[in-house]
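Asker:
Residue numbers (our numbering): 143 to 423.
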């Protein structure tokens with residue numbers, strides 16, 4: 143096993159052990175560290191090699207609550223499509239889909255999430271990302287939105303929370319459903335103690351001003367009128383397939399499309415052909 147793989151396997155548990163130890167004497171500080179770790183992406187800023195693709199676009203910096211919202215505009219006539227990437231990624235992740243869209247009559251707009259790409263903020267959460275997404279929606283008035291992973295979750299939240307009159311279609315790729323489930327997977331990954339898990343959820347609820355079980359994509363989708371397709375792989379080990387089923391069940395005007403063997407990223411031409419077919423319906 144490589145050194146990198148060893149780090150990926152054991153480092154989270156080592157960190158979690160340290161947090162648990164601190165929690166025995168200072169639970170508040172331990173929870174602060176656990177939450178800070180959860181909200182701090184370790185990668186996703188723009189790498190030099192990614193600029194060759196990103197330089198195809200006109201870079202525009204918008205603003206949300208004093209933070210930079212970094213966007214990339216294809217500046218072509220026609221309907222606009224807003225693309226929202228997931229955790230520890232950036233707008234470069236859309237390069238494969240862009241190859242297909244560049245041959246169509248669509249203007250492509252890419253958005254960097256908070257604490258990712260060239261956008262502002264040192265911390266990330268879905269509510270903040272939804273604010274960034276709405277800022278881009280208001281500025282560009284796109285007809286279509288596409289989100290992957292937490293970008294899809296945040297797009298769902300943005301469609302629920304804000305008025306989005308320009309949107310006619312949504313494409314949801316590999317989205318999680320419940321914040322409580324996301325948190326539980328994080329707890330298990332680092333081995334957080336039961337006592338600190340309870341305090342962590344309490345801190346989340348204080349921070350957001352809502353119960354943790356409020357942040358459910360399947361509940362938000364009940365209030366969304368925009369039609370959608372939801373694409374999810376049955377072997378996704380990051381956000382599980384049943385989560386897509388729950389979101390689809392709640393979304394009146396949605397259709398679930400299943401894939402197999404593509405995993406969480408869904409970076410495959412077959413998926414992007416499905417997307418192109420849907421937006422051209």
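In this text, a Cβ means the ideal position worked out from N, Cα and C, and glycines have one as well.
In the DSSP assignment, find the unbroken beta strand (DSSP E) run with residue 375 in it and report its ends.
Answerer: Note, residue 375: beta strand (DSSP E), 370 to 375.
Asker: If we require 3 or more residues per run, which beta strand (DSSP E) segments fall completely within the stretch 249 to 298?
Answerer: Runs of the beta strand (DSSP E) inside the stretch 249 to 298: 286 to 290.
Asker: Taking the alpha carbon of residue 382 as the reference point, which residue from 316, 412 and 410 has its own alpha carbon closest?
Answerer: Considering only alpha carbons, the answer is 316.
Asker: I believe residue 337 touches residue 266 by the beta-carbon criterion, under 8 angstroms. Please report the beta-carbon distance rounded to the nearest angstrom.
Answerer: Not really, about 26 angstroms apart at Cβ, beyond 8 angstroms.
Asker: May I ask you to list the residues that DSSP assigns as paired with residue 205?
Answerer: Per DSSP, 210.
Asker: Flag this pair as touching only if the stretch 340 to 347 and the stretch 301 to 311 have three or more C-beta atom pairs under 8 angstroms; answer yes or no.
Answerer: Verdict: no, contact absent.
Asker: With C-beta atoms as the reference, is residue 283 less than 7 angstroms away from residue 211?
Answerer: No, these two residues do not count as a Cβ contact at 7 angstroms.
Asker: Spatial neighbours of residue 205 within its chain, please: C-beta separation below 8 angstroms, excluding the five flanking residues on both sides.
Answerer: These residues qualify, in order along the chain: 211 and 277.
Asker: Report the partner residues of residue 397 according to the DSSP bridge assignment.
Answerer: Per DSSP, 371.
Asker: Cα-Cα, which of 153, 186 and 293 is closest to residue 224?
Answerer: Checking every option, the nearest Cα to that of residue 224 belongs to 293.
Asker: So residue 237 packs on residue 227, CB below 8 angstroms; how close in whole Å?
Answerer: Their Cβ separation, rounded to whole angstroms, is 11 angstroms, which puts residue 237 and residue 227 out of contact at 8 angstroms.
Asker: Kindly give me the distance between the Cβ atoms of residue 162 and residue 291, rounded to whole angstroms, as I take these residues to be in contact under 8 angstroms.
Answerer: That pair is no contact at about 28 angstroms.
Asker: Going along the chain, which residues of its own chain have a beta-carbon closer than 8 angstroms to the beta-carbon of residue 263, five neighbours each way excluded?
Answerer: The residues are 209, 256, 257 and 270.
Asker: Mapping DSSP to helix, strand and coil, what is residue 221?
Answerer: If DSSP states are grouped into helix, strand and coil, residue 221 belongs with the strands.
Asker: DSSP three-state call for residue 358: helix, strand or coil?
Answerer: Reduced to three states, the DSSP call for residue 358 is strand.
Asker: When you compare only the Cα positions, how much space is there between residue 195 and residue 299?
Answerer: Rounded to the nearest angstrom, the two C-alpha atoms are 29 angstroms apart.
Asker: Can you name, in chain order, every residue of its own chain whose Cβ lies under 7 angstroms from the Cβ of residue 252, other than the five neighbours on each side?
Answerer: The answer, listed in chain order, is 199, 213, 214, 225, 233 and 236.
Asker: What does residue 311 pair with, by DSSP beta-bridge criteria?
Answerer: 286.
Asker: Look up residue 187 in the DSSP assignment and say whether it is helix, strand or coil.
Answerer: In this structure, residue 187 counts as strand in the three-state DSSP scheme.
Asker: Using only alpha-carbon positions, find the residue among 295, 268, 289 and 301 that is nearest to residue 280.
Answerer: Among 295, 268, 289 and 301, the Cα nearest to that of residue 280 is on 301.
Asker: Quick check on residue 198: does DSSP put it in helix, strand or coil?
Answerer: Coil, per DSSP.
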